[in-house]
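Protein chains in written order, with the working numbering: chain A, 30 to 195; chain B, 2 to 566.
What follows is the structure in structure tokens.
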């Protein structure tokens, strides 16, 4: 399986997410993550979809089927161009006076931040690749991870050209 | 001009040249129906919303125009689902208006509320929920544009009840502005040139045509290409009629119940030229063994169809209205004698077809189903529209009815919807009132929308219902006979509805034909009578549709039948 991040520009209208997510499920495409948000154009929403595909033909199907949706304006596969991929994670980890220093060390090594603290826990914010996030989760497992919230991957291409002009 | 939302819908329909709507009223569309009443807008009341949507579909298939239907919220709208899915699978342009509960009640599980945009998303080309009256003209304009352009399909417009009564200053947009859809599907001419080059090198080319040829109205051009190149032709169920069935070099239906010659030609050809087809599994059989010696050409408007089921060595992505004229021009410009080049191959497959035609054994006691189709085919004129339901009778109609024109053979191909036939036949007759309309149906299918006999009677819609009455759910029982050890689970219709009485009770005339010796004269009398009529033809229940390629088998692995050639 190969993973790609698709930047999907869509009309900022009600029902669009239903159309996109409905298509993914009925065509039985495998997606790792999906996230959506406003863009520099008020009437365009950007949906970031990370797909897993067996081969190029399956990838072609995903892009062409998504492209058929009337409210999809443009699709660019950022996996095929030089791009920066990030994911944000928030981690709630069990902590005590004794373990706090160890946890802080690990967070520093991963260039994360402790954004909330209580006598029993900390909340850690970390941005990075999926590999990095998986690695910190592994390191923090011994302290007990209480809860994880991840955004899924988003990506931007390198250089000045935005997806809408690609 | 000031008017309310309901009036604006009817005004928009007039501008879109809609001359007939099919529908069924209800609470959420009371205001729309009030506007229909006041404007005397032409409307046919079906007896079930499914009947209305299939009728709109039959109307669209027979005329090439966009079919329109109305239904109320909740159950009214959910009753449209099968019809919308049917149209979607066969790329039929429809615009379906459904009422929704009033804006403040949306999302509250209100009386007769259902999320129709959510439910219809997988089975429409596009859909809308209109919550503000100001959006109506734009949405309707877009809906018709989307439904009829490119690869056509159904569009649903769900409208909150209060939108029908809200006032607006009506102005219909003159153009459509959609950033993600242009409706103009021209492509890369080089792709066509590559096909011409490939054809120049081919020894055994074969055209495989489908519904796209009819939808794009390119039949004439296709016929010119066929006659000028001498390339033999096979057809999907949806492509029947594009090449007249008796044309030499036309091998007929291909696939699961295709002709021997059509299926063998696919397996032997070295260049398979698909035009307006989607390589459905009922055509391809085992995908890996489909056309094993051939390079595949795929003329197709929908990019997502390319390489979906079958890999295309030569894709030609674009509307057939764009690609076929260029293809024909380039073929002519090449100056090649294609007919000479393919003469041996043409003769080989034509001989194969003559030696192995669709056939059956007549019986002095029983009317054979194929004989019935043959006889109807003989008795009706070349402009007669044939509509089918789904099952064995549908396949026999595809094999034995002599289709000579596009939009002549109307059938639910992709979804295989039992109950499609009767309402679709009504829609077809209303769309083409000067043509005779014959419905072939079975004693399974007819019961699925038999309430529409009342629609036919009340509106005096002159269709002839030919009921292939064999007391079984024939196609399923055939599979049970072939693959399930003759265990006829729930397929024997031993019940006793008297279809003649049923039809008469609904207000139709009706007759029954039981003996082969009277088949032709009685049929002739019935088909030439005036007014809607049901012809109940008694048939044996154990006849198989043959040839047959078992599901998942390769095309040259056929169970043959009938008379040895």
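Don't be surprised by glycine CBs; every beta carbon is placed ideally from N, CA and C.
Query raised in the report: Closer than 7 angstroms, Cβ to any Cβ of chain B: which residues of the stretch 49-67 of chain A, in chain order?
Result: For the stretch 49-67 of chain A, the set of residues with a beta-carbon nearer than 7 angstroms to any beta-carbon of chain B comprises 51 and 55, in chain order.
Query - Beta carbon proximity, residue 86 (chain A) to chain B, threshold 7 angstroms - result: For residue 86 (chain A), the answer is yes, since a Cβ of chain B falls inside 7 angstroms of its Cβ.
Requested in this report: Just the C-alpha distance for residue 25 (chain A) and residue 46 (chain A), rounded to the nearest angstrom, thanks.
Outcome: Because chain A in this structure spans residues 30 to 195, residue 25 (chain A) falls outside the shown range and cannot be described.
Requested in this report: Return helix, strand or coil for residue 6 (chain B), following the three-state DSSP convention.
Outcome: If DSSP states are grouped into helix, strand and coil, residue 6 (chain B) belongs with the helices.
Query - Nearest to residue 562 (chain B) (by Cα), restricted to the options B:358, B:474 and B:22 - result: When only C-alpha atoms are compared, the closest one is B:358.
Query - Under the three-state DSSP convention, the category residue 150 (chain A) falls into - result: Look at residue 150 (chain A) here: in three-state DSSP terms it is strand.
**Report entry** Local Cβ density within 10 Å of residue 2 (chain B), reported as buried at 16 or more and exposed below that
**Finding:** Residue 2 (chain B) sits exposed, since fewer than 16 C-beta atoms from the chains shown fall within 10 Å of its C-beta.
**Report entry** For residue 510 (chain B), the residue or residues it bridges with in DSSP
**Finding:** According to DSSP, which records beta bridges pairwise, residue 510 (chain B) is partnered with B:534.
Query raised in the report: Going by alpha carbons, who is nearest to residue 122 (chain A) out of A:107, A:146, A:55 and A:72?
Result: For residue 122 (chain A), the nearest C-alpha among the options comes from A:146.
Requested in this report: Enumerate in chain order the residues of its own chain whose CB-to-CB distance from residue 446 (chain B) is below 7 angstroms, with the five nearest sequence positions on each side excluded.
Outcome: Cβ neighbours of residue 446 (chain B) beyond the five flanking positions: 390, 391, 392, 419, 420 and 422.
Query raised in the report: Mind checking whether the beta-carbon of residue 296 (chain B) lies closer than 6 angstroms to any heavy atom of the ligand SAM?
Result: In the structure shown, the ligand SAM is absent, as is every other ligand, since no ligand is present at all.
Query raised in the report: Taking C-beta to C-beta, are residue 177 (chain B) and residue 142 (chain B) nearer than 7 angstroms?
Result: Result yes, Cβ atoms of residue 177 (chain B) and residue 142 (chain B) sit closer than 7 angstroms.
Query - Within 9 angstroms of chain B by C-beta, residues of the stretch 100-126 of chain A in sequence order - result: The stretch 100-126 of chain A vs chain B, Cβ under 9 angstroms: 100, 101, 102 and 103.
**Report entry** Every unbroken alpha helix (DSSP H) inside the stretch 100-148 of chain A [4 residues or more]
**Finding:** Within the stretch 100-148 of chain A, the alpha helix (DSSP H) runs of at least 4 residues that lie entirely inside it are, in chain order, 126-138.
Query - Same chain only: Cβ atoms within 7 angstroms of residue 549 (chain B), ignoring 5 sequence neighbours per side - result: Once the five neighbours on either side are set aside, the close Cβ partners of residue 549 (chain B) are 257, 258, 559 and 560.
Report task. List the residues that DSSP assigns as beta-bridge partners of residue 31 (chain A). Result -> Looking at the DSSP assignment, residue 31 (chain A) forms a beta bridge with A:82.
Query raised in the report: Per DSSP, what kind of secondary structure is residue 287 (chain B) in: helix, strand or coil?
Result: In this structure, residue 287 (chain B) counts as coil in the three-state DSSP scheme.
Requested in this report: List the residues of chain A that residue 1 (chain B) touches, going by C-beta distances under 7 angstroms, in chain order.
Outcome: Residue 1 (chain B) lies beyond the stretch modelled for chain B, which goes from 2 to 566, so this question has no answer here.
Report task. Would you tell me roughly how many angstroms separate the C-alpha atoms of residue 566 (chain B) and residue 480 (chain B), rounded to the nearest one? Result -> Reliability of the predicted coordinates at residue 566 (chain B) is poor, the pLDDT of 37 falling under 50, and no value is obtained from them.
Report task. Please confirm if the stretch 117-126 of chain B is in contact with the stretch 88-100 of chain B, defined as three or more CB-CB distances below 8 angstroms between the two stretches. Result -> Look at the beta carbons and you see the stretch 117-126 of chain B touching the stretch 88-100 of chain B: at least three pairs across the two are nearer than 8 angstroms.
Query raised in the report: Which chain A residues sit within Cβ distance under 7 angstroms of residue 119 (chain B)?
Result: Result: 47.
Query raised in the report: What do you reckon, are the CB atoms on residue 40 (chain B) and residue 11 (chain B) nearer than 7 angstroms?
Result: Between residue 40 (chain B) and residue 11 (chain B), the CB-CB gap stays under 7 angstroms.
Query - Rounded separation between residue 434 (chain B) and residue 240 (chain B) - CA only - result: If you take the alpha carbons of residue 434 (chain B) and residue 240 (chain B), they lie about 23 angstroms apart.
Requested in this report: Could you check which residue in B:411, B:307 and B:459 has the C-alpha nearest to that of residue 55 (chain B)?
Outcome: For residue 55 (chain B), the nearest C-alpha among the options comes from B:411.
Query raised in the report: Can you find a C-beta in chain A that's less than 7 angstroms from the C-beta of residue 565 (chain B)?
Result: Unreliable positioning characterises residue 565 (chain B) in this predicted model, as indicated by a pLDDT of 44, which lies under 50. The coordinate reading is nonetheless provided below. At a cut-off of 7 angstroms between beta-carbon atoms, residue 565 (chain B) makes no contact with chain A.
**Report entry** CB of residue 59 (chain B) within 7 angstroms of CB of residue 425 (chain B), strictly
**Finding:** Yes; because the gap between Cβ atoms is below 7 angstroms, this pair is in contact.
Report task. Locate the beta strand (DSSP E) running through residue 24 (chain B), then write down its first and last residues. Result -> From DSSP, the beta strand (DSSP E) with residue 24 (chain B) extends over 22-24.
Query raised in the report: Hey, residue 275 (chain B) and residue 299 (chain B): beta-carbon distance below 7 angstroms or not?
Result: With contacts defined as CB atoms closer than 7 angstroms, residue 275 (chain B) and residue 299 (chain B) qualify as a contacting pair.
Query - contact_flag[the stretch 127-138 of chain A, the stretch 71-80 of chain A] where n(CB pairs < 8 angstroms) is 3 or more - result: Fewer than three beta-carbon pairs drawn from the stretch 127-138 of chain A and the stretch 71-80 of chain A are found closer than 8 angstroms, and the two stretches are therefore not classed as touching.
Query raised in the report: By the criterion of Cβ-Cβ separation under 7 angstroms, what are the contact partners of residue 123 (chain B) in chain A?
Result: Residues of chain A passing the Cβ test: 51 and 55.
**Report entry** Per DSSP, the bridge partner or partners of residue 184 (chain A)
**Finding:** DSSP output for residue 184 (chain A) lists A:114 as bridge partner(s).
Query - Burial state of residue 365 (chain B) (16 or more Cβ within 10 Å) - result: Exposed.
Query raised in the report: Sorted by chain position, which residues of the same chain lie with C-beta nearer than 7 angstroms to residue 521 (chain B)'s C-beta, five sequence neighbours on each side aside?
Result: Around residue 521 (chain B): 376.
Query - Expected contact under 8 angstroms - CB spacing of residue 155 (chain B) and residue 13 (chain B) to nearest Å - result: The beta-carbon separation of residue 155 (chain B) and residue 13 (chain B), rounded to 17 angstroms, does not stay under the 8 angstroms limit for a contact.
Requested in this report: Spell out whether any CB of chain B is found under 7 angstroms from the CB atom of residue 42 (chain A).
Outcome: Closer than 7 angstroms: no.
Query raised in the report: Relative to the alpha-carbon of residue 78 (chain B), which residue among B:107, B:105, B:116 and B:111 has its alpha-carbon at the smallest distance?
Result: Checked all of B:107, B:105, B:116 and B:111; the closest Cα to residue 78 (chain B) is B:116.
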